[in-house]
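>
In the working numbering, the protein residues as written are 4 to 228.
The following block contains the structure:
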């Protein structure tokens, strides 16, 4: 057993491999948007969400490979959100992790399309995974799919972003309740997805699922604070 740093490095490399291996090949008439998608994901990050998801799955008795499709899908959706966040209409960022943002490299129109494509492609990955799973596994995989969709959509990340954008536009001070809503949905939601989906596919019970969900919430709020 190595140190925590060594273990995290090993798991991060594995997660990176899982995510990148599922990216589509950049070819055909739509090659430019495929290249922009690939660039956006490869600019990367720490891959903490897929690392946490696989660890939660294993902790709850599952096999790491059982959750790989969701690992890739969650990281791809996370990166789509960053592509759109960086656009001039929202955060107007030129750099992400010391690299040109997608709209700076490929233009605003292609960045919008790349974000759209990444979001849709994440659901393609999951739908293919569901089609190959035996009937005995479908209940927990469908639960994971619904949880994933809820946390990525208007009652999750997108909803939090709406309140954040509107507050910045009018320049008013936010209440504590509003701040917690933004932090829960913009940040904690994807950490909850990582832990809960990993746990559910790994075989956790309802009490364990609630604990994992609370841990994800606490981590997200603490990170934003």
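For each residue, glycine too, the CB sits at the ideal point set by N, CA and C.
Owing to the predicted nature of the structure, the values given are computational and were not obtained by experimental measurement.
Apart from the five residues just before and just after residue 69, which ones in its own chain have a Cβ nearer than 7 Å to its Cβ?
60, 204.
> Thinking C-alpha only, which one of 228, 25, 33 is nearest residue 189?
Cα-wise, what sits closest to residue 189 is 228.
> According to the neighbour-count rule (16 or more other Cβ atoms, all chains shown, within 10 Å of its Cβ), is residue 45 buried or exposed?
Exposed, by the Cβ-count rule.
> In or out: residue 172 buried (at least 16 other Cβ within 10 Å) or exposed?
Classification of residue 172: exposed, given that the 10 Å Cβ count is below 16.
> Excluding the 5 residues flanking residue 71 on each side, which residues of the same chain have their C-beta closer than 6 Å to its C-beta?
Here the set comprises 21.
> Could you check if residue 213 is buried or exposed, using at least 16 other CB atoms within 10 Å of its CB as the buried criterion?
The residue is exposed, with fewer than 16 neighbouring Cβ atoms inside 10 Å.
> Below 8 Å, can you find three or more Cβ-Cβ pairs linking the segment 181-195 to the segment 142-160?
As far as the Cβ criterion goes, the segment 181-195 touches the segment 142-160, which means the pair count is three or higher.
> Residue 170 to residue 88, Cα distance in whole Å?
Each residue's Cα considered, the two are about 15 Å apart.
> Mind reading off the beta-carbon distance from residue 18 to residue 50? Whole number of angstroms is fine, and I expect it under 8 Å.
Contact flag correct, Cβ pair sits at about 4 Å.
> Can you give me the C-alpha to C-alpha distance between residue 220 and residue 27, rounded to a whole angstrom?
Approximately 32 Å between the Cα atoms of the pair.
> Report yes if the CB atom of residue 67 is closer than 9 Å to the CB atom of residue 206, and no otherwise.
It is not a contact, given that the beta carbons lie outside the stated cut-off.
> Do residue 150 and residue 200 have their C-beta atoms closer together than 9 Å?
Their beta carbons are under 9 Å apart, which means residue 150 touches residue 200 by this criterion.
> If you follow the alpha helix (DSSP H) that residue 159 is in, where does it begin and where does it stop?
Unbroken run through residue 159: none, as it is neither H nor E.
> Going by the DSSP bridge assignment, what does residue 99 pair with across the sheet?
Bridge partners of residue 99: 102.
> Smallest Cα separation from residue 124: which of 183, 99, 36, 208?
Here the closest residue by C-alpha is 36.
> For residue 165, which residues of its own chain have a beta-carbon under 7 Å away from its beta-carbon, when the five flanking residues on both sides are left out?
Excluding positions up to five away in sequence, the list is empty.
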